[in-house]
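Residue numbers in the sequence shown follow this note's numbering, run continuously in steps of one, and reach 646 at the last position. For glycine and all other residues, C-beta sits at the position ideal for the given N, C-alpha and C. In this text, all values refer to a predicted model and were calculated from it rather than measured experimentally.
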Amino acid sequence: FMVLITNCFAFAPTVPKPNIPSYWRSWLYQLDPFTRLVGGLVANELGGLEIRCADQEFTRFDPPSGQSCQQWAGPFVSSSGGYLNNPDATSQCLYCPYSVGDEFLPQVGLVFGTRGRDIGIFCAYIAFNIAVLLVAAKYLRFANR
């Protein structure tokens, strides 16, 4: 049983919420303090971060003849996010699905605006455990047994 609980606490923040079995997803994901810690730290780092795709990360496509990449894919990019690396090209368009880290956060269930709350919940969890430890140490005298 302890191995199961230890694994849940150790790996829950690294597994995306949709990939966790529904029984565990319904309560353990939100209860796990490390979910809050990792969520707050990731949101803090990715929020506002400019993303530049490496050459192998671009989606490549050819627009219809007579149109530039911007003319053909511009409305899609405006609504979906990301950027065109060569908007004036008429072939071999390069599309990156992310231009800032904020576009990635919703896919993993994070919001940049709640990063402070998430870190605060993690700190409250630590403070609560320290308080329980001190109260237990004061009232439970195991040395006398």
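Can you tell me where the beta strand (DSSP E) with residue i in it begins and where it stops?
i    : result
R537 : Note, R537: premise wrong, no beta strand (DSSP E); alpha helix (DSSP H) at P534 to L547.
R561 : T560 to F562
Between the beta-carbon of residue i and the beta-carbon of residue j, is there less than 7 angstroms?
i    : j    : result
G582 : G548 : no
I552 : Y599 : yes
C597 : C570 : no
V578 : P517 : no
S527 : D563 : no
Residue i: buried (16+ other C-beta within 10 angstroms of its C-beta) or exposed?
i    : result
L606 : buried
G541 : buried
L635 : exposed
A574 : buried
D611 : The displayed chain sequence assigns Leu, not Asp, to residue 611. With 16 or more other Cβ atoms within 10 Å, it is buried.
Starting from residue i and walking both ways along the alpha helix (DSSP H), at which residues does that stretch end?
i    : result
F623 : R616 to Y640
Whose C-alpha, out of the options, is nearest the C-alpha of residue i?
i    : options                   : result
E558 : R537, Q572, L550 and Y584 : Y584
C624 : W525, W528 and D533       : D533
R537 : N587, R616, N520 and C594 : R616
A544 : A628, A638 and I620       : I620
S580 : W525, E604 and W528       : E604
Q572 : A590, W525, I622 and E546 : A590
E546 : F613, P522, S566 and I521 : F613
V539 : S523, N586 and R618       : R618
Q568 : A555, P588, L550 and T560 : P588
Threshold first: 3 residues or longer. Then list the beta strand (DSSP E) segments lying entirely within the segment 567-602, N to C.
Entirely contained in the segment 567-602, the beta strand (DSSP E) runs reaching 3 residues are, in chain order, 594-597.
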